[in-house]
Amino acid sequence: MPLIKNGAIAEDAWQFPADDAPLPGQGPVAISLERWQREREVLQARRAPLGLLVKSDTQVEDFAADLAEFELIALDFPTFRDGRPYSAARLLRERHGYTGELRAVGDVSRDQFLFMHRCGFDAFQVSSGGALEGWLRAVSEISIWYQPTGDPRGALGTLRHRRAAAE
Amino acid sequence: MKLDIVSANRLTDGRVVYLTRDDGWSESIIDGRSAATKEESADLLADAERAVEAGIVVAPYLVSMADDGGAFAPLHFRERIRLFGPKHNRDGGQPAGRVA
Amino acid sequence: MYRYDEFDHAFVHQRVAQFRDQVARRLSGELSEDEFKPLRLMNGLYLQLHAYMLRVAIPYGTLSSRQMRCLAHIARRYDKGYGHITTRQNIQYNWIKLTEVPDLLADLAEVEMHAIQTSGNCIRNVTADHFAGAAADEIEDPRLWCEIIRQWSTLHPEFSFLPRKFKIAVSGAAKDRAALRVHDIGVQICRNDAGEIGFEVMVGGGQGRTPMIAKTIRKFLPKAELLSYLESILRVYNQLGRRDNMYKARIKILVHEMGADALAEMVEAEWRQVREGFVDLPEAEVARIERYFAPPPFDPAAGSDSGLDTARRADSEFDRWLEQNVDAHRQPGYAIATISLKSDGGVPGDIDAAQMEAVADLAERFSFDELRATHQQNLVLPHVRKGDLYELWQSLKAHGLAIANRGLISDIIACPGMDYCSLATARSIPVAQAISARFQDLARQKDIGDLRLNISGCINACGHHHVGHIGILGLEKKGVENYQITLGGRADGEAAIGAIVGPAFSAEDIVGAVETVVDTYLDLRETGEPFIDAYARLGREPFKERLYAAH
Ligand code: SF4
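As structure tokens, then:
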């Protein structure tokens, strides 16, 4: 499953050990919220980058206080129909000021890329092949958005404002 | 006596079609290949699934046909509506009963 | 009317191109049906019984003549020459080819229309009072806010995969003609004690399997904060709405399970955070959109002698139409004319291409180029000069569109039912046709008076049967259609869910049963008492007794 970051296939340095699997000796690991809460000291003592793999039924408030600990937050889409991670992503970026990697994992395909991108995801663990070319096309399919979000590309309100200012 | 045939909607235009004896799809139920046993019905569905894979039809399923006074007709009224079109639609697609 | 600017234009064209690519990927086999289905649904494309059905959005029911002509063109070019106005003020085409949908959407885009979000688990096309901007009882035109909501909700990145579909309706009038209380969110424009105009926000109404009346969670919301408040409601719903059971996924269930007060508290808590720095509704943008909804250039002299009374006296048929289908306008000298799409023996809400074109011409001639589609599946010419009404009526008559039955028993709401819909358990159209045939006599209908009869072909309740004074729900029992009657439902400001009167009736008996209900009412009513009031006074029992007496 390729990882796409900044419009290119990226090397994935992260390991995602199962909750009952031993932690790898070194390298960045992403763990579940339960494991983080259970093994916090051990994890911090590893002195390697930490990431969190978040289930879609988890509320951002449950780990918002610890955000400074993480360089990666991976939000899981158990199915593309589950839209909760979109809210989680916006809350992380816009309310809690999270600036690390925000990765979409699970049922992730190009027809959701635009929505995800717009909500603040910057990395995508895609479930289908031929991903990069499709993603590059998908991300430019729509360039106009009516809603302001954390995505730095401005929303229509801003564009119209600029036009009005130029007139 | 009861028979099964397979019906589906054609991918390109959504029209109701029936799996035919020569493994094609026809809008006419008369061309439909029928199955009298469980095994034959399963074969029908398997053939239909191949047409799904090939992007010819979507959502195939078995339609039960019953002997309706000498001719076979779909057992369920839903299938009769699918076969004959909307009943109110008397003049081939215009809304019925315009008051002039 | 709102007109697209260059950004709106660019957006719909991008959306058409995106869908064209998705269709091509489906036809080439790159996408399976499972993968494609959610994509086509986001564009209002269903696979129904006989073919694909495309639902085209008519935002808040407002149309120009040019748009109506395009809808006629689509009926001719891509369908079998007709369309169906739905209870959400949209139009559906029943015989669409997948391969032609991209071209069809491109044609729609030329007249600033689309099919975005007419299906799927997203914020659906926003609906409004169909007399908006014209009604005499209006505080303020709701369409400005509808357009703001339309733009905000269009491809909203956070709210495109909600637990379930989400419907918003807005009204600015004293009388609720938009069925606000059976929507996920109903927005009522109101005044507070200080005389300022704002919104009352109701949440958690809906029909379907578990019908519910919306509860007010905020009595007064300042105008400028509408979007931040809606965003807060949607965020709470997106996160907490049930996703384990599609029948319990609507926000009405969340409201029901946690209570309206608890939900209101959560929304308010979210809102306190959301509204800070929520910058997308600058005054300049509101003013820009508002300009499009300025009243048309009414003739201040229109009020004087309209010649209307002379025409009324001379032509009793015209007089009946006037009485039944024409409403008071806020502007002196003008009136609102309803064009009934409930012809005798016809299909409720169906309109053919020639009629669409005729209506477009009439709107151009008589109504400042404006038309409305109503959730009662009729059309409206909102701004007709009183002096033009007679001429308008004559033209309507020539096209079979001068049916004087608005609000009467034959003004039936009916969903497509099993004649078209793949989810149906029974047909609804033939029942509507049979009822309108039985009550053909207009004088008898007038005597019966105001009566809303609504028919759905399954529990999804697209035909609004729960809120019909008489509701009919088509069901299937052992391979046979039968029909359940509910009584006492209403969709207005005193919204109520109808009560099931007893065991269902067969297709042969349903029309007779409706007649029995009507006859019972006629026997028991007090002078001038409408059906719904009589029902409120009498309750279900007398009707039940008569209906099941012989059984
Ligand atoms: S109520 Fe049922 S039958 Fe009628 S249109 Fe809706 S889903 Fe179809």
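Residue numbers (our numbering), protein chains in the order written: chain A, 1366 to 1532; chain B, 2 to 101; chain C, 456 to 1006.
Here a beta-carbon is modelled for each residue, glycine too, at the ideal position from N, C-alpha and C.
Bear in mind that the values here come from a model prediction, so they are computed numbers and not experimental data.
With a cutoff of 8 Å on beta-carbon distance, G926 of chain C and N937 of chain C are scored as not near each other. Pairwise C-beta distances place the stretch 569 to 586 of chain C in contact with the stretch 507 to 515 of chain C, as three or more of them are shorter than 8 Å. Comparing alpha-carbon positions, the option among C:Y789, C:Q832 and C:G788 lying closest to I806 of chain C turns out to be C:Q832. Only residues of its own chain outside the window of five on either side were considered, and among them D592 have a CB closer than 7 Å to the CB of A629 of chain C, listed in chain order. For E593 of chain C, the beta-bridge partners assigned by DSSP are C:A628. Taken through DSSP and simplified to helix, strand or coil, P612 of chain C comes out as coil. When C:Y515, C:T793, C:G516 and C:A561 are compared, the shortest CA-CA separation from Y533 of chain C is found for C:A561. Taking a beta-carbon distance threshold of 8 Å, E1498 of chain A does not count as an interface residue toward chain C. Within chain B, no C-beta atom comes nearer than 8 Å to that of E949 of chain C; the closest sits roughly 34 Å away. Exclusion of G538 of chain C from the 7 Å shell around the ligand SF4 follows from its C-beta lying no nearer than that to any non-hydrogen atom of the ligand.
Spanning the alpha carbons of E651 of chain C and H77 of chain B requires a straight line of approximately 59 Å. Within the chosen limit of 7 Å, the ligand SF4 reaches the beta carbon of L878 of chain C through at least one heavy atom. Residue-level contact check: T554 of chain C touches chain B, since one or more beta carbons of chain B fall below 8 Å from its beta carbon. Pairing Q503 of chain C with N576 of chain C gives a Cβ-Cβ distance that is not under 8 Å. Scanning its chain for C-beta atoms nearer than 8 Å, with the 5 sequence neighbours on each side dropped, one finds around Q810 of chain C the residues H854, G855 and L856, in chain order. The ligand SF4 has no heavy atom closer than 7 Å to the beta-carbon of S574 of chain C. Using beta-carbon distances, L1524 of chain A counts as an interface residue toward chain C, with a partner under 8 Å. Counting every other CB atom within 10 Å of its CB across the protein chains shown gives Y692 of chain C a total of 16 or more, marking it as buried. By the Cβ test, the stretch 1494 to 1512 of chain A is in contact with the stretch 1369 to 1383 of chain A, since at least three Cβ pairs between them sit closer than 8 Å. Its Cα nearest to that of L682 of chain C, the residue C:V656 stands out among C:V656, C:Q469 and C:A813. For D754 of chain C, same chain residues with a beta-carbon under 8 Å away, outside a window of 5 residues either side, are G788 and R840 in chain order. Closest in alpha carbon position to I623 of chain C, among C:E825, C:Q544 and C:R727, is C:Q544. Annotation for P597 of chain C indicates a beta carbon at 7 Å or more from all heavy atoms of the ligand SF4. Less than 8 Å separates the beta-carbon of L494 of chain C from that of D1476 of chain A.
Across the set C:S687, C:I640, C:I644 and C:D824, the C-alpha of C:S687 shows the shortest separation from the C-alpha of R730 of chain C. Within the stretch 500 to 534 of chain C, contact with chain B at the beta-carbon level (separation under 7 Å) is assigned to L502, L504, H505, A506 and Y507. In this structure E1000 of chain C is exposed. Its beta-carbon is surrounded by fewer than 16 other beta-carbon atoms within 10 angstroms. By alpha-carbon distance to G1519 of chain A, the top candidate from C:P597, C:Y501 and C:F462 is C:F462. Within the stretch 890 to 922 of chain C, no residue places its CB atom closer than 8 Å to a CB of chain B. Within the same chain, and ignoring the five residues on either side of V1473 of chain A in sequence, the residues whose Cβ sits closer than 7 Å to its Cβ are F1442, F1489, Q1490, V1491 and S1492. Against chain C, a Cβ distance below 7 Å from R79 of chain B picks out M873. Residue range I965 to L979 is occupied by the alpha helix (DSSP H) that includes T971 of chain C. Secondary structure of T517 of chain C (DSSP, three-state): strand. Shown here, R1411 of chain A sits in coil according to DSSP, grouped into three states, outside any helix or strand. When DSSP states are grouped into helix, strand and coil, C876 of chain C belongs to the coil group. Residue range A1373 to A1375 is occupied by the beta strand (DSSP E) that includes A1375 of chain A.
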